Structures are given as C-alpha cells and as structure tokens.
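Chains A, B, C, D, E, F, G and H, in that order, give the protein sequences. If you count by the numbering used here, then the first sequence holds residues 1 to 214, one letter each, in order. If you count by the numbering used here, then the second sequence holds residues 1001 to 1214, one letter each, in order. If you count by the numbering used here, then the third sequence holds residues 2001 to 2214, one letter each, in order. If you count by the numbering used here, then the fourth sequence holds residues 3001 to 3214, one letter each, in order. If you count by the numbering used here, then the fifth sequence holds residues 4001 to 4214, one letter each, in order. If you count by the numbering used here, then the sixth sequence holds residues 5001 to 5214, one letter each, in order. If you count by the numbering used here, then the seventh sequence holds residues 6001 to 6214, one letter each, in order. If you count by the numbering used here, then the eighth sequence holds residues 7001 to 7214, one letter each, in order. Data block below; observations after.
8 protein chains.
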Amino acid sequence: GFAKVDHHRKKRQGFPEVIYGEGKTAEQILLIINSIRSNHNDVLVTRITKEKAEYILQEYPEFFYHELAQILFWKEDPKADSFKGYIAIVCAGTSDLKVAEEAAVTAEALGCNVRRIYDVGVAGIHRLFDNIEEIQNATVSVVVAGMEGALPSVVGGLVSHPIMAVPTSIGYGANFNGLSALLTMLNSCASGISVVNIDNGFGAAYNAALIYRI
Amino acid sequence: GFAKVDHHRKKRQGFPEVIYGEGKTAEQILLIINSIRSNHNDVLVTRITKEKAEYILQEYPEFFYHELAQILFWKEDPKADSFKGYIAIVCAGTSDLKVAEEAAVTAEALGCNVRRIYDVGVAGIHRLFDNIEEIQNATVSVVVAGMEGALPSVVGGLVSHPIMAVPTSIGYGANFNGLSALLTMLNSCASGISVVNIDNGFGAAYNAALIYRI
Amino acid sequence: GFAKVDHHRKKRQGFPEVIYGEGKTAEQILLIINSIRSNHNDVLVTRITKEKAEYILQEYPEFFYHELAQILFWKEDPKADSFKGYIAIVCAGTSDLKVAEEAAVTAEALGCNVRRIYDVGVAGIHRLFDNIEEIQNATVSVVVAGMEGALPSVVGGLVSHPIMAVPTSIGYGANFNGLSALLTMLNSCASGISVVNIDNGFGAAYNAALIYRI
Amino acid sequence: GFAKVDHHRKKRQGFPEVIYGEGKTAEQILLIINSIRSNHNDVLVTRITKEKAEYILQEYPEFFYHELAQILFWKEDPKADSFKGYIAIVCAGTSDLKVAEEAAVTAEALGCNVRRIYDVGVAGIHRLFDNIEEIQNATVSVVVAGMEGALPSVVGGLVSHPIMAVPTSIGYGANFNGLSALLTMLNSCASGISVVNIDNGFGAAYNAALIYRI
Amino acid sequence: GFAKVDHHRKKRQGFPEVIYGEGKTAEQILLIINSIRSNHNDVLVTRITKEKAEYILQEYPEFFYHELAQILFWKEDPKADSFKGYIAIVCAGTSDLKVAEEAAVTAEALGCNVRRIYDVGVAGIHRLFDNIEEIQNATVSVVVAGMEGALPSVVGGLVSHPIMAVPTSIGYGANFNGLSALLTMLNSCASGISVVNIDNGFGAAYNAALIYRI
Amino acid sequence: GFAKVDHHRKKRQGFPEVIYGEGKTAEQILLIINSIRSNHNDVLVTRITKEKAEYILQEYPEFFYHELAQILFWKEDPKADSFKGYIAIVCAGTSDLKVAEEAAVTAEALGCNVRRIYDVGVAGIHRLFDNIEEIQNATVSVVVAGMEGALPSVVGGLVSHPIMAVPTSIGYGANFNGLSALLTMLNSCASGISVVNIDNGFGAAYNAALIYRI
Amino acid sequence: GFAKVDHHRKKRQGFPEVIYGEGKTAEQILLIINSIRSNHNDVLVTRITKEKAEYILQEYPEFFYHELAQILFWKEDPKADSFKGYIAIVCAGTSDLKVAEEAAVTAEALGCNVRRIYDVGVAGIHRLFDNIEEIQNATVSVVVAGMEGALPSVVGGLVSHPIMAVPTSIGYGANFNGLSALLTMLNSCASGISVVNIDNGFGAAYNAALIYRI
Amino acid sequence: GFAKVDHHRKKRQGFPEVIYGEGKTAEQILLIINSIRSNHNDVLVTRITKEKAEYILQEYPEFFYHELAQILFWKEDPKADSFKGYIAIVCAGTSDLKVAEEAAVTAEALGCNVRRIYDVGVAGIHRLFDNIEEIQNATVSVVVAGMEGALPSVVGGLVSHPIMAVPTSIGYGANFNGLSALLTMLNSCASGISVVNIDNGFGAAYNAALIYRI
Ligand SMILES: Nc1ncnc2c1ncn2[C@@H]1O[C@H](COP(=O)(O)O)[C@@H](O)[C@H]1O
Ligand SMILES: Nc1ncnc2c1ncn2[C@@H]1O[C@H](COP(=O)(O)O)[C@@H](O)[C@H]1O
Ligand SMILES: Nc1ncnc2c1ncn2[C@@H]1O[C@H](COP(=O)(O)O)[C@@H](O)[C@H]1O
Ligand SMILES: Nc1ncnc2c1ncn2[C@@H]1O[C@H](COP(=O)(O)O)[C@@H](O)[C@H]1O
Ligand SMILES: [Mg+2]
Ligand SMILES: [Mg+2]
Ligand SMILES: [Mg+2]
Ligand SMILES: [Mg+2]
Ligand SMILES: [Mg+2]
Ligand SMILES: [Mg+2]
Ligand SMILES: [Mg+2]
Ligand SMILES: [Mg+2]
C-alpha cells in the first residue's frame, strides 16, 4: 500500500502510531486505521475534520469524535490506566480553546486524568492566582497561549513540575502566525519550560503523558 | 558644516535636538554641542562612551556624564521643572540595567521625577507584587525587559496609566538580538502598552516625559 | 463556562474588558456580553463582522455597530465624560481608512473627543501642512500608515505631544503584510513616537485615551 | 542593591535561583552569591568564564568550577539526593561538547545521575545503535545537536521516555546560528520531544531534573 | 506569440523545454505544446491540474496524465531508453506522496527506471532499514521529506551514491511552509546530499536523470 | 470626502495622481476619478479588476481598460507626446506577462513609445541574444523576472542605459513570494540596475518614463 | 591570472570595469589596476581602505584617494566631460555621510557635476524645505537615509525627476542592519523612486550618472 | 575519547570520514587523525587554519596543506584513481576564489581531475562564452557565485550535465551573508541544478566526485 504503518511503535514507545489527519483523504485514513486495528492496537487520529470523521464513524461507530479538538479515537480498554495525579491543561484566552482541547483530549485518549484551567491569561493575572493551587498540584502542566505567549513564563515561576508550553497561531499583525508566542516561550527566563511546535496541542499532551506515566 | 542642527526644535517640540552619539567622533559631537550652546539650548547626548565624554568634559567641565546610561547632559536651570507625580522605570532583570538607566537618566535630564523598580521579572513574580503600588501610583511607566519580554504584559494588566515598553537585546539563541522581546510587546494582550525600538531607553523616556508634562 | 471574564478590570484599569471578536462565534460573544452586562459594565467588541453584530443586536438593539470600524459598543452614560481637548486620528491614504476608523470609534467609545485628518500621506506632503495646526493642537495623536509608513516620522517632527503610530498591512510585495511600515515606525528618527501592533487601531486609541484622561 | 534575589524560589520550585553569568561582572556575581549563601541556599552559576570563576573561587575556594561547561556550583550536601535511574546526555558531534557538558554538569549539580553518550550523530548512525540500550534505559534524555539537528527525531523514534532536545548554534551558512536545528526539532515527526532555546544546555538539564525527580 | 519556446534545448541539454503549468491557462499550454510538437520534440508538462489536462487530452488523446503527480507527458518512443540501474525515490511519510510522485513520474517520463520506497521516515527508522538495500543499490536517490526533513541525512550516511534531497511544504507551525525541511537538508552533516527547491520533485528527478544517464 | 486628491501633483511632478485600485471599492474609485476629472487631469488607475473597471466604464465609456495589465486610463490628448526613442519592456518567462504588461501599459499611458521583448529568460539565453540589439537601442529598459530573477544582471552587463528591475512573485517554495528575485536584483554585480517593489510594474514604468522624458 | 578583467566593458557600457576593493588584498588590486591601465582605461576602486590605497599610491602617485568615501580613482582626462545640470546627493543625517560621499565621489569620478545637500532628514523637515529648490533643479537625485529611511518618500513627492534611493545600515535594534530603510524605500507610495542595495552609494551614483548622460 | 570516529565510513560510502576543522583545537584534530591513520585510511581535513595545520605537519610532514582552500590531506596512493573526464570548477568573481579552491582541492583530494574556470560572472558574460566549451565537456560542474548568484542559472541553460551550485557569503547589505545567492540558486528556472550550503565548497565537490565516479 501507500503507507508503511509502524505496528511496532506500541512496543517501542508505549503508544501505537498516531495518525496525522491533515492532508490525508478519509479513504487513506480508513485504510491506515484498518491496518492498525488488524494489529489489535488502539487508534488515535488528530487534525481530522468532522466530514472525514463521519466517514470513518460509518465503519467504526464505536469510535469517539471530539469536534473542537478535531480528534477521533478508540481505546480497547478505556479503564485500563489508573494513574494517580493529573495533567493541568492551562490556557490564556478563549481564543486558544481549540489547541487546549487538542491537548486535553489527546491526554485523555492516552489514559491520563486531566484538569482544564482556561482563560487565565496575564492581562488579568488574578484569574491565574485564583486557580494556582490546582495547577501547582498537577504532575505536569500543558500551558497554551497565543498573542505574546507570556503565560508559561508566569506559571513557570510558580510551580515545581515540568511545563510543556504550546504557542498558538492566535493573534494578528506582528504575531506572524504564532512566531511571536513561540519565541517568547523559547526565551523564557523561568526554568522548567520546554516548547513544542505552534498549535501542537497533541505533541504537548503526548510529552506530558510520557512524564505522567513515569 | 557637515551638520544642520535643528535649532528650531525646542520651540516646535519643547525639547532641543538630542545628539545620538553612536557613530559620531568626539570632534563631531563637540562641534554640534558648540552649535547648540551658541543658541542657549540645553544639551543631551545619548550613546556616548566614556572616552568621547571625557573629551567633551575638558571643554565643558560643568556637564554631567552618567557612564552606565552612556549619557552626557547639561541643563541651564536644573530646577526649572517642578512637576508633581513621577515616572516609574521598571525592569525585569539585572541584565537590563543599562537600558533602564538610559531611560531613567534621560527622564531626569528632561526634568521628570523618576522612581526605579528593578529586577522584578516574571520568573519570581512576587517581587513585582511587592512593588506594585509604587508602579500603580506613577503617571506613566517605562517597562524594560529582555529575553521573552513578558513583564510589560503583566504590569499592563495591573495599572491604569500608559506604559512605554522597551525590549532589550539581552538573551541568546532564539532571542535574535531582541526580536523575541519586541514581538512579545507588540502582541501584548494587555491594553495600554506601546512599544519603542529594541534597547531604546531614550525613546521610551522621551515619550514618557511628553505624557508626564501634559 | 469557557471564559473567565475579567470583571475586575474596570476597577483596576478604568475600562472594562474589551472583547476581541475575531475567532469567536456570535454565540460566544453574546455569552461574554451577558456576563459583562450582568456586572453593569459598558461593552466594547472589536473585530466583529456585520453578521455577528446583527446576531447580538437582536438581543441588544440599543447597541451601536460601526461597520467600517468593525466595532460594536454600548455605553451606560454616553455623556459621562466631558474632557477638554481632542485626539487627532491621522491617516496616510484612503486605503488606511478601516484601521483609522477602528481607532477613531474606539476612542469615541472610550469617551474621548476625536478629530479625523485623513489621506494626508507624504507623497503629497502639502496636504499634511494644510492640516498641521489641527494636529498640533491635539492632546495626543494616533497616526496610521501603510506601505512605507513614513507619516508618523514627519508628524513626529512637527508636534510636541505624544504620537501612537499604527502600521497597517496595506501594501504589496516587500511590504510583507505590514512589516515594512512596522519597522519604519520602530526606527523613527523623530522622537515622541511609540508603536502598536500592525492594524491595531484599537490598541493605539486605547493608549491615546489613557493619555488623554491624565 | 541592584538585584532582587529570589530567595523564595527554593521553596516554590525545589531549586534555588540560578545565576546567569553572561553580561554580569565578577563583582555582581559575587554579590548575588553572598546574598544566596546568606540564606543557606546552594549556588549554581552558568555561562561563567574562567576569569570570573577564579575571582569567586578566591572568596569561596570550596566551590567547584567546570571550565568546558562554564559552570560554577556548590552544594551544601552533595550526597543529599539518591535517586535511582539516570539522565542520558546524548550529543551528535564533537562540536556540540560544550553545550552537552553544560547540560551534564547542570544535571549533576541538581543531584541527578548522568550518563554521557557523545558523538553519535546520524551521519554514522551505527554509532547510535551501538549505544541505544544505554539511552533507552534512561529515565529521561537530553539530546543535543547542531547543523541540521536530526538526532532527536531518530532517538525519539527509539525510546519511550521524554526527550529534551537542544539545538546548538554549531554550523555555518544557512544554519543561521542554530535556527536550522531549532526548526528541525520543533517540527519533529517523532513524538515525545520538546525543545529548549538554542545552546540552552542548562534549561534542558533543569527540565530533565524536574522529570527525573517525579 | 506571447512565448518564445526554447526549441534548441533538446540539442543543448538532452531534454526538450519542460512546460511549467502553474499560472498558465489551458489555452496557453496548448499553444506551447503545439509549438513543441511542430518541432518533433517530446512533451512534459508539470504542475498541471486535471481540468487543464483534460482540455489538452481532447486535442492529444495519446498523451498520458498522472493526477497525483500533476504531470502530463508524451514520448515519441517510450522504449527508446534502456539504461541499467534505477533511481530510488524515497519518501518519509504518506503526506509527502504528491511530491514523491512528481519526482517518480518525471524520472519515468525522462526514460529512467524507478523504484518507490515510501513512508520510511525517521520516526520509525526500522522501516528504512527493512528497505535499505534497495536504496543502496540504486544509481542515485531522490529523498523527499517534510516536517523536520531528517530523512536525507540518515540515508546519506548509509549509501555511497549521490542524493537529491527534496524538502516538502508538509507540516504546520514553525515549519514555515517547508523552510524547516529546507534548512535541515542544506545543513546536513552527511555528505553526498544536494538540495532542490521546496516541493520541487520535478527538479530533483531531472537532476537524478542527468546523473543516471552518465 | 474620505479622500484628499492631490490635484497639485501634475504641476509638481509632471503626472497627475495615480489611483491605486486595490482595496478601494468601484464607488470610491469613481468618486476620486470625478474629482480628478473636475480638474481637467488625465486619469490612470492601476490594479483595477474587470468588474470595477466595467462600473467606471458605464460612466466614462471613453476610458480604455487593459485587462491583463489591470489598468484603466484616459488621456485628454493621446498624441500629445512625441518623443523619440523607446522603452524596452523585457521579461524572463511567460509567467511574468501580467507584471510586464502593467509596466508596458503604464508607460504607454504616460506617453512613451514601448517595445516588448518577452520570454527571454536565462534558462535559454540565446533567446536574449537574438533580441539584444533591440534592447541595447532603448533609452531605458524595464526588466521583469520571477523565480531566481537573474535576467536584469545579464541584461545589465550588455547595455549602457539604466535598467529598472522588477522582481515578480512568480515561483514557489523558497521563492517566498518574490523575495528571492528581489534579493537577486538588489545584489546584482552588474551596474546600472535599480529595483522597485515586487510585482510593481507600474512603479518601474513610471521611473522609466521620468528618465525617458529627460 | 586569478582574474579575468572585463576590458571590453568601456565599449559595451560607457565606463570601464570598476574594482570592488573589499575582500581583495592590496596586491590583487594592484594587479587588476595594472591590467586596466595597460588597456588605457580609467581606474575606479571602491571600498578601499587607507592602508590599501597607500600601497597603490606608491606605484601610482597621480591617483586620487578620498578617505571618507573609501574611493581611489584616476581619470586620463578629468575635464573630458562637460555636461550641464547636476546630480543632487541628499542625505538624512550626519551618520549617513560615508555612504553619501561614496555616491558623491563616484559621480564626480564618472564626470558628473554634483551638489551635496546633507543632514536634511524628516525629523526637522524645515531643513529639507530650506533646500528644496536646489534639489528640484537637479537632473536626478541620489537620496541616502538610514534608520526608518523616510526621506526619499518625502523628496519623491516634491520633485519631478528620478530618484535613486540608498538605504544605509545606520541604526540599531529593529533596524536589522538597514533592512528597515530598505523596505521603506521599496514600499514608497511616492512615485519616481527606485532602490539600490543597502549602503550602495556607488551603485546609486552609477545609475544616476547613466541618467545624467542621456 | 571525546570522539567516536566513523571508521566504517570508507566501506559504507567509498570515502573515509572527513574532519571538519572549524571549532576543533589542533590537538583534537591530531587525535582524530591518529585514530583514522591507525585504520590505514586516507585523511582529509577542511576549514583548517595555517596555524593548526602546521601543528599537524610537525607530526605528519608528508601531509599536504593548501592555504587558500584551508585544506589538509594525505592520500596513501595519490595515483590510485585514473578516471577519464574532469570536474569543471567555475566561479563568478575573484572574491569567490576561497570557496572555489575549497571545492577544487577537495575534488583533487578525492582523486578527480579538475579544471578551474574562474572570474566568468554574468556582469561580463562574454568571459563565460569564451570558456563555455571547456565547461560543456566536463562530466559534472561545480558553479560558485556570491552576491546575486546568477551564474549557475546561466551555465545550467548551456550544459547537459549536472551542476552543483554553491552560494557564497560574498556581498554586503541585502545579501544577508549568502542568503541572496542561496535563494537564487534554489529558485533557478534552469534545470539540472542542485544546491549545497552557503560557502560549502567541500560539499559540492564531494557530491561532484560521487557523480564523477559513477
Ligand atoms: N483588537 C484587539 N487587539 C488585541 N487585544 C484585544 C483587542 N480587543 C480586545 N483585546 C484583548 O485581548 C484579550 C483577548 O482574550 P480572549 O478573548 O480571552 O482570547 C482580552 O484581554 C481583550 O481585552
Ligand atoms: N501600483 C501602485 N503601487 C504603488 N503606489 C501606487 C500604485 N498606483 C498608485 N499608487 C500611489 O499610491 C498612493 C495610494 O494612496 P491611497 O490611494 O490614498 O491609499 C497614491 O499616491 C498613488 O499615486
Ligand atoms: N498533530 C501531530 N503533529 C505532528 N506529528 C503527528 C501529529 N499527529 C501524528 N503525528 C505523527 O506524524 C507522522 C506522520 O507521518 P505520515 O502520516 O506518514 O505523513 C506519524 O509518525 C505520526 O505519528
Ligand atoms: N516544476 C518546475 N520547476 C521549475 N522550473 C520548471 C518546472 N517545470 C518547468 N520549469 C522550467 O521553468 C521555466 C518556466 O518559464 P515560463 O514557463 O516561460 O515562465 C522553463 O524553463 C521550464 O522548463
Ligand atoms: Mg479572555
Ligand atoms: Mg534577577
Ligand atoms: Mg490618497
Ligand atoms: Mg564526529
Ligand atoms: Mg507514515
Ligand atoms: Mg518560457
Ligand atoms: Mg542631524
Ligand atoms: Mg571579476
């Protein structure tokens, strides 16, 4: 076929190959899912539109689709994982919801407990302080922010666990599609912050899940 | 001569022409000062090294040189201005001192009262909160920050006066000589922030002085 | 809910939280407005299309929508403010009207007197000189320009009050969506100029209003 | 003084404030160390040249200086931590040694066990496979690479723990001082990778230590 | 006419002028084809959509259109070339198929034998090793990769023939439309790699064909 | 009105204000034309689509619209100018036709004789040499090229008159919307070349007309 | 030898090959001069330091060296040209003198009359108006400006002859070594402006001389 | 030791590991050479200064150092290779000599016949035509050019063998350290051109040698 699915990944990395839905047709995604399912692996598709998801759901009605997060997934045994602790998914503004949900649903699909602390950006920093304990008690945080992307720096100075910072492409003008937030996070003077690609909620949650499972 | 000094500026703008010292020889600076002095104007030279300043001070021993700020100035009547209120000069880290002092000394040379609140960056945000009232009570603030440049956003959310944000070139790697902090400040989701060029402490203070004098 | 409205902002900053309409659905905007109104705060929504505005106006027919400026607002007491002086909103070309109007309507919504001086760009500089006195007599100016963005530098050399410079994304080729005008304004050799994000008429007007109210 | 040391950080974050030596004079560093020591905290200085370190060592001869890593540190109780497991510090070429050592020595200063796997870049990938088990058995890896920065992607596909990727500024031409490696790492199609600033060996090790201590 | 077809190119370069279809109307393409055919030359059109191709096929039903590759071509004597050896077309992910097929079909149109080794990216490097001998036995390879573009570096370290590396614009965020993969390939620490423009499958195959025919 | 037409420009610069059509509605363009016509000036509108032009032509059926060039103009006395010599409009590929025609029609509208030498790019340089005398005999040349933009350098080495180089946004990948050709032309090692904005056929022709009229 | 001097250029282009001194040793420059002189051609060397020039002057004491302009030249018949009219060399600030002089001396070496109008930047625009007639009466102008580079736009709106705009690398921060001024000039909304490379006083003067001689 | 020399590379790739001298001390280079020599492999060091080379030559006086190319090498059997044909090393200007020689000496060290055709840039294109046959008869060409980097496009249109294009960092202003030439070459409309990193004469020659040996 056109694709060489990495069936071995679950053994090598603890999670099966994740399907990146953007740029693939619904038919291509279905073929890859079939191949993954034939190996008795769980399925996780990111960046998949409602239309493509509905095509897959006809074949696999038991799958779960989350529209805001653009994620489709299926877990053989949804109760398999019972870790203590949780991942805090924090975001700066309501405009960052989509990316934050990509992170939150990915983490849930990977078997993690998740707490959402949204719209606590630095322009009204008291909102962050009202919720800081819930963040501090997490095992690891994913912090999502667009525009100037300052939130991870502030959170980074207040918690003692690792932070996965996600710049979003939200903004305009000299935001340059997320470059501004990306540079902010890479240059953070707070310690304990590492960065993933712009809008990559999936990647941040995946990393957080690896840490959560240690 | 090689230069056309703008003697008319004091009348037009309230301050005489300021001399930008970088790239000019000590001799050139002296000639311009002579021309300004012959018009009975005050003198302000920025970005002037100790060596060049000493050359000028031989001729004009009454001038005042501030080495960290790299500023040389002279005011006919230092007590002339008696405004109430003050400009808060805030900076994020000890590495930003040079630019913060360029701002502070410029503001003083322009006849403003100044309060310095230094090393209160977001990595240890309690230091900002310990000093927030002094900042809130200012007429206008100059906020200086390098690396990710998040400080103006946080201050911007806590005060109700205008903020002049100054990105500094302090940092390394993906800081790209201040580009990171510059973009952060331009994209701030807090309102009330406007931005000057990288390391332009002078420009921020000049703007702040215009506002202070209203 | 999905949003934590910053009800405290009016007390902290003098103006309530402004709603950034881009990327939000009409329903989301309505929910945030309801929350703000329940706190007896004034409402200001920027970057809101006619379609979304009409959805809101069904619920709140007393609100005012300005299409060119893409602004929707409502003031409890429109006559509340009676400041003397005015803000000059200056723009270079007819192509910059949209951004200039975002600034002008924002300033009016924030209770300021406004004078519009439009289409006075440097390619025909006599048009600027014909109107320079009206600009010089303002308390503060917002100067909007696209393409090469030279207008704030020229105005900056002719007035003695602070200028908020707004680069617009108008232009083509090496304009790079406003980058050209942004860099021009940041590097201005005239003093008294500070800069906001590309196309950010709102931000410039907000800053100008803070200065105007001093 | 000129600095507001963040004495509270140890309590808040588990580690005391780390001193960034670049751009500070030896005297400034000494003053900050005195302040930290007066609070009975451990000391860690990064980016400190031999000359500056020797100045400090006259006062504190018990401190330890690592020249290649440009790190000076002192731990009250070097045996305090006894964690199981180790952090793998992996680097691509001999040119990346400096950054790799900044990471390795930082991790040791923070009480972690460290294993160094150096010069295993993708141009001769068998060198990586000869050492892959030692990497796979680590709790967390720091992977350092310059030029095209491909190593973290390859390692990321072979291990099941989190990877801190560090781009270095090693290279020439279209490397653009590390931008090439930075973008490579941010865009990695392998999962489990997050990125820190160019040449930021310290940051990667700090993050790795946070994960290691979970 | 509007175009000066380079009829002489076949003699000068071994292949006739190739028509770049993007930005040309179907009518313009037809006129150029007529001109080329009147000189008894073979025809190769790249970047041609199905709609435009169908317009040409009405006139020249004997032409061959490959939709995924967006290529239309016709060879007077398809069996003319009988070289030994083959060109390996290697790609990293299923998202890179389009560019890989542009390369593969171009090479075939230019009379080369081609072997396709697809979806063998570094995130699951065993897939590359399963196919490495087929790559090593090629005369020359075209290696196509998006996102971080690391595949050519790894292949470059394992083969002893020249590699044409093709960065693709596949990815998001800090991928910057292929810039990330382009820089990776230009900075490769493996030898034997040269690079063509982003998404330029045609150019890579053309170069490979020149080498193949030596 | 919303616009301050620069009626004085004809006297100051020899040509009346040119209307930049992009971003203006047909109604706005009509209002500006009315204002210009009321001053008995000639009319030139660039970047105007067929739809907008047809709206104007209803009112002014005597105007001339050139669709490929996207130009609408009217000259009181089309025979007014009778200069000797001509402007050579040279372009590299058929993809550059649109910009070349913007230049050619602008020059004609400004009363210049024009000769078109199209599709003579460096990939088949004999086409240039076949036409070099016609170029050499021009008073001034406009040379238009996309992709790598090498044509002005080659022409610049072969003629003794000034060249206006126009980079076009034609190309893909690392062309970055004309940046590649722009940089090529700015860095030309041939003398006698100056550059206008990407795709700015109008600007190049305007400059050429100024030279032509000397 | 290592160089193929283009002896034919004088016939082809009106001026002999100009020697670009940067990156060449004094010995290499001497060898090229010898070769040019053996063909009875005039000599022009740009970007040549005092040290290198003195080495050449030992051999050719009749040559003329201009230190500020970094130009060395010799003309067989200095009175050969007697054109009417002059080139105006205009610059914005005293920091642009070096580039302006490179232009002025080049133009003189090419046999043109030159008038210098220096330090008339837009921050004090009355200085420009005091000198505008001298500029308006020129055949062609070279306008040099650093920082935001707004001067050519203003001059462009006031004269009816062609302008060669030269961005300089003077400035700091977001000036990015002249990029700011370069973009400003490329995007000028004034007509009649074309642009040469950053700091390329020579190129502007060469182009101006071509126009001057028409 | 600090390095893992890739002794296996000769078998895998036909050439032993090449030592990149930049950023390594003379001692480090010597240790790596000892390790390579102990395996009876040939030695090639690039980017090695005279000082470092002299240190190595004390130990290995039989090695050959080429200063302009900054290359040190030793071949067990210099006569081992006797291929027919040659590699043409073409460069645009005398400023590109260093990079051209890095390519030429590398190719010779790898056992290839080399012909140098230097200083034939497009500003005086007749110099290229005077030498075109020697280039056309080569098996493969390396074409080196700085500034606008147009030479490979012109050569590419005139030969029927593959071209390795090398952008150099020679130039100033908007050259941006070779970016201009790099983009030119990547966007070439001539076919048969592939590109290596800026100033990477070694890489181009290595690739050319692989092709030459086919
Ligand atoms: N035009 C605008 N540009 C930038 N920020 C804005 C604008 N309008 C409103 N804002 C602020 O941006 C923030 C948006 O947060 P959110 O809507 O939760 O994503 C709020 O703090 C707003 O007050
Ligand atoms: N193609 C073009 N490119 C650049 N400027 C132009 C063009 N066509 C007209 N202009 C000028 O651009 C300015 C546009 O100003 P406005 O139309 O008021 O935004 C006017 O001075 C026009 O003369
Ligand atoms: N949101 C995402 N971002 C980046 N990579 C992803 C994402 N989702 C999946 N991937 C990985 O990207 C690779 C895509 O390869 P392919 O689908 O063959 O082009 C696979 O290894 C996926 O596991
Ligand atoms: N995919 C491609 N990429 C780059 N150049 C191409 C491609 N396909 C064709 N060309 C060449 O690009 C040039 C286009 O010139 P024109 O079509 O006249 O604008 C011709 O020399 C073509 O042979
Ligand atoms: Mg919000
Ligand atoms: Mg500090
Ligand atoms: Mg106008
Ligand atoms: Mg090595
Ligand atoms: Mg795949
Ligand atoms: Mg063509
Ligand atoms: Mg001056
Ligand atoms: Mg030469």
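Just so you know, even glycine gets a beta-carbon here, dropped at the ideal spot from N, CA and C. For clarity, every value in this text was computed on a predicted model and none was experimentally measured.
Here Glu1101(B) is buried: its Cβ has 16 or more other Cβ atoms, across all protein chains shown, within 10 Å. Around Gly2014(C), the beta-carbon contacts reaching into chain B at under 7 Å are Ser1160. Chain order gives the chain C residues near Val120(A) as Lys2004, where near means a beta carbon separation below 7 Å. Using a CB distance cut-off of 8 Å, Gly171(A) counts as an interface residue toward chain B. Taking a 10 Å sphere around the C-beta of Ser7169(H), we find 16 or more other C-beta atoms and assign the residue as buried.
By the Cβ-count criterion, Gln3028(D) is buried, with 16 or more other Cβ atoms from all chains shown falling within 10 Å of its own Cβ. Secondary structure at Ser3095(D): helix, using DSSP grouped into helix, strand and coil. In this structure Ser5095(F) is buried. Its beta-carbon is surrounded by 16 or more other beta-carbon atoms within 10 angstroms. Residues of the region 4124-4152 of chain E with a C-beta less than 7 Å from any C-beta of chain A: Gly4124, His4126, Arg4127, listed in chain order.
Looking at the DSSP output, Ser6141(G) shares a beta bridge with Ala6088(G), Ile6163(G). Nearest Cα to Asn2175(C) within the set Gly5157(F), Leu5158(F), Leu5182(F): Leu5182(F). Under the Cβ criterion of 8 Å, Tyr2055(C) is not counted among the residues facing chain B.
Proximity of the beta carbon of Thr7025(H) to ligand 5 is not indicated: no heavy atom of the ligand is located closer than 7 Å.
Under the 8 Å Cβ criterion, the region 1038-1053 of chain B does not count as touching the region 1084-1092 of chain B, having fewer than three qualifying pairs.
Ranking Leu30(A), Ser35(A), Val105(A) by CA distance to the CA of Tyr65(A) puts Val105(A) first. In the structure shown, Arg127(A) adopts helical secondary structure according to DSSP, grouped into three states.
Assignment of beta-bridge partners to Arg6115(G) by DSSP yields Ala6088(G). Within chain H, the residues placing a beta-carbon under 8 Å from that of Ala3174(D) are Gly7178, Leu7179, Leu7182, Asn7197, Ile7198, ordered along the chain. Interface annotation for the region 2016-2027 of chain C against chain A: Glu2017, Tyr2020, Glu2022, Gly2023, Lys2024, criterion Cβ-Cβ distance under 9 Å.
In terms of Cβ geometry, Met164(A) and Val122(A) do not form a close pair [threshold 8 Å]. The three-state reading of DSSP puts Tyr1172(B) in coil, since its state is none of H, G, I, E or B.
Residues of chain F whose Cβ lies closer than 7 Å to the Cβ of Asn6187(G) are, in chain order, Asn5197.
Val154(A) reaches chain B at Val1122, Ile1125, Ala1150, Val1154, counting residues in chain order whose Cβ is nearer than 8 Å.
Between Gly6201(G) and Leu6097(G), the alpha-carbon positions lie close to 10 Å from each other. With its beta carbon less than 8 Å from one in chain B, Arg3009(D) belongs to the interface. Look at Thr7046(H) here: in three-state DSSP terms it is strand. The beta carbons of Ile6036(G) and Pro6016(G) sit closer together than 8 Å. For Glu4067(E), the closest alpha carbon among the candidates Ala4208(E), Ile4048(E), Leu4158(E), Ile4033(E) is that of Ile4048(E).
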